[in-house]
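Only one structure is covered here, and it is reproduced in the block below.
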Amino acid sequence: METVKLNNGVEMPILGFGVFQVTDLDECERSVVDAIETGYRLIDTAQSYMNEEAVGKAIKRSGVAREELFITTKLWIQSNGYEGTKKAFETSLKKLQLDYLDLYLIHQPYGDVYGEWRALEELYKEGKVRAIGVSNFQPDRLIDLIIHNEIVPAVNQVETHPFHQQIDTQQFMIDNNVQIESWGPFAEGKNDIFKNELLKGIGEKYDKSIAQVILRWLTQRGVVAIPKSVKKERMAENLNSLDFRLTSDEMEQIKTLDTNASLFFDHRDPKMVKWLGERELKD
Numbered sequence: 001m002e003t004v005k006l007n008n009g010v011e012m013p014i015l016g017f018g019v020f021q022v023t024d025l026d027e028c029e030r031s032v033v034d035a036i037e038t039g040y041r042l043i044d045t046a047q048s049y050m051n052e053e054a055v056g057k058a059i060k061r062s063g064v065a066r067e068e069l070f071i072t073t074k075l076w077i078q079s080n081g082y083e084g085t086k087k088a089f090e091t092s093l094k095k096l097q098l099d100y101l102d103l104y105l106i107h108q109p110y111g112d113v114y115g116e117w118r119a120l121e122e123l124y125k126e127g128k129v130r131a132i133g134v135s136n137f138q139p140d141r142l143i144d145l146i147i148h149n150e151i152v153p154a155v156n157q158v159e160t161h162p163f164h165q166q167i168d169t170q171q172f173m174i175d176n177n178v179q180i181e182s183w184g185p186f187a188e189g190k191n192d193i194f195k196n197e198l199l200k201g202i203g204e205k206y207d208k209s210i211a212q213v214i215l216r217w218l219t220q221r222g223v224v225a226i227p228k229s230v231k232k233e234r235m236a237e238n239l240n241s242l243d244f245r246l247t248s249d250e251m252e253q254i255k256t257l258d259t260n261a262s263l264f265f266d267h268r269d270p271k272m273v274k275w276l277g278e279r280e281l282k283d
């Protein structure tokens with residue numbers, strides 16, 4: 001497994017396993033066990049996914065030593081502010097049946113992110129989490145957080161796929177020593193991504209699938225990716241995207257697919273900000 005080194009020296013696998021929208025808890029537990037058996041060591045979940053408990057059970061079942069795993073979860077908006085963050089962190093830790101996290105992220109750039117970040121900084125200094133970061137922070141929100149706080153986020157997890165490549169955003173993160181991580185690496189199948197002729201043609205040269213080409217394109221750019229699948233054979237296929245390299249010409253060809261726009265929603269849309277801010281989690 002290739003790794004990236006975060007701004008505090010922690011090594012993070014460049015390819016992991018995500019569980020977004022795996023709402024069937026038995027299926028989630030089984031899929032995480034399968035992923036770990038397949039060779040994944042980075043597992044990404046979130047408070048808002050409502051499946052932390054299933055992930056925790058899978059980690060226990062796997063029998064893999066804790067120090068070999070890299071576990072990420074995320075703080076939801078309603079667990080707002082300093083005190084709310086401390087409470088939410090302990091709840092997530094309990095559900096995951098862990099003594100510490102490898103990475104803890106603020107999931108959305110809304111609410112009292114400064115109180116939340118202060119709590120994350122304390123959790124990090126106390127050794128309860130090995131690295132702290134954010135998710136869905138646009139460059140202006142990210143730099144604002146950086147200049148007004150002590151610790152620079154180690155990671156920013158943002159929508160990144162061939163149709164929204166985040167090239168300028170990634171360079172901004174590199175300049176500010178923040179690791180980019182992709183959510184939705186396959187764009188959830190939008191724009192017929194798994195039938196794309198350009199990606200298909202590149203894959204045929206290497207006897208690789210479109211999914212493998214996408215993941216190699218991301219990891220070759222230094223982007224951490226967390227693809228999701230509940231099928232063990234697909235998990236293995238995704239993991240086997242690290243045994244070849246795309247040429248610089250092929251990397252440039254894939255650049256032509258960039259629309260430089262989200263395929264999901266604009267994090268600056270007031271209606272979406274309001275909807276997310278008012279969405280209560282039912283535990």
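Okay, so the sequence shown: first residue is 1 according to UniProt numbering, each after it adds one. Ideal Cβ positions, reconstructed from N, Cα and C, are used throughout, including at glycine. For clarity, every value in this text was computed on a predicted model and none was experimentally measured.
Task: Alpha-carbon spacing of V4 relative to F244, whole angstroms - done: Within the sequence shown, residue 4 is the residue found at index 4, counting from 1. Within the sequence shown, residue 244 is the residue found at index 244, counting from 1. C-alpha separation (whole angstroms): 18 Å.
TODO: Determine the DSSP secondary structure at L15, reduced to helix, strand or coil.
DONE: Numbered from 1 along the sequence shown, position 15 holds the residue referred to as residue 15. Residue state, collapsed to three classes: strand.
Open item on the list: I need the boundaries of the beta strand (DSSP E) containing W183, first residue and last residue.
Closed with: Translated into the one-based positions of the sequence shown, residue 183 becomes position 183. First-last of the beta strand (DSSP E) with W183: Q179 to W183.
Open item on the list: Quick check: L101 and G56, are their CB atoms within less than 8 Å of each other?
Closed with: On the sequence shown, residue 101 is found 101 positions in, with the first residue counted as 1. On the sequence shown, residue 56 is found 56 positions in, with the first residue counted as 1. The criterion of a C-beta distance shorter than 8 Å is not satisfied by L101 and G56.
Task: Pairwise C-alpha distance: A119 and W183 - done: By one-based count along the sequence shown, residue 183 stands at place 183. By one-based count along the sequence shown, residue 119 stands at place 119. So the two alpha carbons sit approximately 24 Å from each other.
- [ ] Use the C-beta contact count for K228: other C-beta atoms within 10 angstroms, 16 or more gives buried, fewer gives exposed.
- [x] Position 228 of the sequence shown, counted from the first residue, corresponds to residue 228. Looking at its Cβ environment, which holds 16 or more other Cβ atoms inside 10 Å, K228 is buried.
- [ ] With DSSP collapsed to three states, give me the class of A65.
- [x] Taking the sequence shown and counting its residues from 1, the one referred to as residue 65 is at position 65. Reduced to three states, the DSSP call for A65 is coil.
Task: Whole-angstrom distance between I202 and Y49, CA atom to CA atom - done: Sequence index remark: in the sequence shown, residue 49 carries index 49 (1-based). Sequence index remark: in the sequence shown, residue 202 carries index 202 (1-based). Between the alpha carbons of Y49 and I202 lies a gap of roughly 34 Å.
TODO: Check whether the Cβ atoms of H107 and A35 sit closer than 8 Å, and answer yes or no.
DONE: Mapped onto the sequence shown, residue 107 falls at position 107. Mapped onto the sequence shown, residue 35 falls at position 35. Cβ atoms of H107 and A35: not closer than 8 Å.
Task: Selected residue, minimal CA-CA separation from I193, among I210, R234, E204 and Y206 - done: The residue labelled residue 193 in the question sits at position 193 within the sequence shown. For I193, the nearest C-alpha among the options comes from I210.
TODO: Whole angstroms is fine: what's the gap from A131's alpha carbon to L69's?
DONE: On the sequence shown, position 131 is the one that residue 131 refers to. On the sequence shown, position 69 is the one that residue 69 refers to. Each residue's Cα considered, the two are about 14 Å apart.
Open item on the list: Taking a contact to mean a Cβ-Cβ separation below 8 Å, would you say S135 touches L105 in this structure?
Closed with: Counting from one through the sequence shown, the residue named residue 135 turns up at place 135. Counting from one through the sequence shown, the residue named residue 105 turns up at place 105. Yes, these two residues count as a Cβ contact at 8 Å.
Open item on the list: I'd like the ranges of any beta strand (DSSP E) spanning at least 3 consecutive residues and lying wholly in the region 174-221.
Closed with: 179-183
TODO: Taking 8 Å as the cut-off, decide whether the C-beta atoms of N156 and F137 are in contact.
DONE: As a working mapping, residue 156 is identified with position 156 in the sequence shown. As a working mapping, residue 137 is identified with position 137 in the sequence shown. The answer is yes: Cβ separation under 8 Å.
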